[in-house]
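Asker: Read in order, the letters of the sequence shown are residues 9 to 143 in this note's numbering.
I have a structure here, written as structure tokens, and I will follow up with some questions on it.
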Amino acid sequence: MMDGFGRRLKALRESRKIKDSRWTQEYVADLIGVARSTYTAYENGTKQPPLETVSKIADLFDSNVDYLLGRNHDPKPRNVTYDDLDEDERRFIEQLREVANEYGVELTDPAFLKALDAAFDLAKRIRGSEDQRNQ
């Protein structure tokens, strides 16, 4: 039973294989550092890769993790620059920089980003429970 991740992964590999026959399951498995049988299980949806491997796969295929996880339908990474942001987004980034500076961390520090993700998840859960209460 192939899951969404597996279908997308296979589609990315197959699209490369059309142009270059080297892009077999074994070839990709070698590039990401797993056994071929493990990679095959990823494509078949019988095994889920750890996040570090998902990131390697996204980098290898010049894709993005959100696409692989089914969170969007665009496999290309979105390279957003500061100039691409609207005024509200820039203000938000500046506020994040202030918080990061206050705590002596870089805005791109993995621990800071993890805490930020957790805060957003919590905010979504709180907003969701408040929306349910208001209905």
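Here a beta-carbon is modelled for each residue, glycine too, at the ideal position from N, C-alpha and C.
In this text the structure is predicted, and so the values were computed from the model without any measurement.
1) Check whether the region 10-19 and the region 63-76 are in contact - that is, three or more C-beta pairs closer than 8 Å.
2) Using the beta-carbon count (16 or more within 10 Å), is residue 57 buried or exposed?
3) Can you tell me the Cβ-Cβ gap for residue 114 and residue 108, rounded? I've got them flagged as a contact below 8 Å.
4) Determine the extent of the alpha helix (DSSP H) in which residue 12 is found, giving its start and end residues.
5) Assuming residue 65 contacts residue 17 (C-beta within less than 8 Å), just tell me the rounded distance between them.
6) Reducing DSSP to helix, strand and coil, say where residue 43 ends up.
7) If you follow the alpha helix (DSSP H) that residue 62 is part of, which residue opens it and which one closes it?
8) Starting from residue 105, trace the alpha helix (DSSP H) in both directions and tell me its first and last residue.
Answerer: Let's see:
1) yes
2) buried
3) 6 Å
4) 12-27
5) 7 Å
6) coil
7) 59-68
8) 95-110
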